[in-house]
Each structure stands twice: as structure tokens, then as C-alpha cells.
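Student:
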Amino acid sequence: MIPVVISLIFEVTIHEGRNRQVRRMCEAIGYPVRKLKRTQVAFLSLQGVKKGAYRELTDDEVVHLKKLVMHHE
Numbered sequence: 001m002i003p004v005v006i007s008l009i010f011e012v013t014i015h016e017g018r019n020r021q022v023r024r025m026c027e028a029i030g031y032p033v034r035k036l037k038r039t040q041v042a043f044l045s046l047q048g049v050k051k052g053a054y055r056e057l058t059d060d061e062v063v064h065l066k067k068l069v070m071h072h073e
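With the first letter of the sequence shown counted as 1, position 58 gets the number 58 in UniProt numbering; the numbers rise by one all the way through.
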């Protein structure tokens with residue numbers, strides 16, 4: 001195990017996430033995850049959305065999501 005002297009913050013980009021994948025990847029190299037924040041899913045991001053808040057999807061976003069789902073089925 002790698003000793004952790006200070007807390008680390010880093011960004012990970014994955015294109016197809018599996019259940020607890022980021023946590024397992026970090027734990028495999030000796031860095032247990034205490035806090036994890038997903039900032040984007042597909043083309044949807046949290047930019048401009050305050051902590052604890054949400055926003056309605058636009059009609060275009062809904063159409064785009066439906067196309068993505070149909071493409072992966």
C-alpha cells in the first residue's frame with residue numbers, strides 16, 4: 001500500500017463506467033476513495049448547477065439521450 005501523506009484530488013475520465021470502477025481502480029493502487037463527484041454523464045454536465053440543486057432537461061437533451069440509448073440497445 002502507498003502511504004498517503006496528503007489528500008489527493010485528481011480527475012479521471014472513463015468512457016464506459018462499471019459499478020464502482022473508479023473506486024476499485026484507486027484502491028488497486030493504494031488510494032481509497034473518500035469522496036467521489038461525477039461531474040458529467042455523456043454530454044450532460046454539472047456546470048452551472050449549484051450543489052444540491054437540479055435542472056430540467058431541455059427537449060433537445062431528452063431527444064439526444066433517447067438516441068444514445070437506442071444506439072446502445
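Where a beta carbon is used, it is the ideal one built from N, C-alpha and C, also for glycine.
Only counting the same chain, and skipping five residues up and downstream in sequence, which positions put a Cβ closer than 7 angstroms to that of T39?
Tutor: Excluding positions up to five away in sequence, the list reads S45, L46.
Student: Please go through the same chain and pick out, in chain order, the residues whose beta-carbon is closer than 6 angstroms to the beta-carbon of R23, but skip the five residues on each side of it.
Tutor: So the qualifying residues of the chain are V33.
Student: Starting from Q47 and walking both ways along the alpha helix (DSSP H), at which residues does that stretch end?
Tutor: It is not in any alpha helix (DSSP H) - Q47 carries neither H nor E in the DSSP assignment.
Student: Which residues mark the beginning and the end of the alpha helix (DSSP H) in which H64 is found?
Tutor: Its alpha helix (DSSP H) spans residues 59-72.
Student: V49 to R18, Cα distance in whole Å?
Tutor: Looking at the two C-alpha atoms, the distance is approximately 25 angstroms.
Student: Would you check if the distance between the CB atom of Q21 and the CB atom of I29 is smaller than 8 angstroms?
Tutor: No, these two residues do not count as a Cβ contact at 8 angstroms.
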